[in-house]
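Asks:
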Amino acid sequence: MEFLHTMVRVEDLNASMHFYCDLLGLIEVKRYDSESGRFTLVYLAAPGQLEEAKSSFKPTIELTYNWDKEQYNGGRNFGHLAFSVDNIYDACNTLMSAGVVINRPPRCGHMAFVQSPDGISIELLQKGEALPAQEPWCSMGNTGSW
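Using our numbering, the first residue of the sequence shown is number 1454, and each one after it goes up by one.
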């Protein structure tokens, strides 16, 4: 398992970039704008981890700016922790066997979401290419929120 990124929702991207980059010294390594999703993702890295972040985008802070204004209550501005796993199906099966609810099953063989006991969203991402789709994951619906 490897730590990938922490996602934080921001209300003002310019103010946030000023804080994280100009004041804290983080460096932008990737930016993605989604016209259809109406959001911008900006990945930032610490100077001492810049080379690794440029090649792998880890470890980073992912700033998520939703173009449509939204009020973030109850910690919704903090999005999730992300970890890559060797086999997403095995990881989810281990968690589910221990009683953890798979909030967003890995239907695509690539991504799943679960929650910590404190309600923190955890994103699990398949290391490398997505695995071929398989049951029971393909047929599983989402549960709750993440």
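By construction, the Cβ of each residue, glycine as well, lies at the ideal position given by its N, Cα and C atoms.
1. Touching or not, the stretch 1586-1599 and the stretch 1555-1564, by the rule of three or more beta carbon pairs under 8 angstroms?
2. Does the stretch 1496-1516 come close enough to the stretch 1540-1555 to have 3 or more Cβ pairs within less than 8 angstroms?
3. Taking 6 angstroms as the limit between beta carbons, can you name the residues of its chain near S1469, skipping five residues before and five after?
4. Taking buried to mean at least 16 other C-beta atoms within 10 Å of its own C-beta, is Q1587 buried or exposed?
5. When burial is assigned at 16 or more other CB atoms within 10 Å of the CB, is Q1579 buried or exposed?
6. In this structure, how does DSSP classify L1577 when only helix, strand and coil are distinguished?
Replies: Put simply:
1. With a cut-off of 8 angstroms, the stretch 1555-1564 and the stretch 1586-1599 count as touching, because enough Cβ pairs lie within range.
2. Short answer: they don't touch.
3. Here residue 1469 corresponds to residue number 16 of the sequence shown, with the count starting at 1. V1463 and L1516, listed in sequence order.
4. Here the question's residue 1587 lines up with position 134 in the sequence shown. Using a 10 angstroms sphere on the CB of Q1587, the tally of other CB atoms stays under 16, which defines it as exposed.
5. Working through the sequence shown from its first residue, we reach residue 1579 at position 126. Result: buried.
6. Translated into the one-based positions of the sequence shown, residue 1577 becomes position 124. The answer is strand: DSSP assigns L1577 an E or B state.
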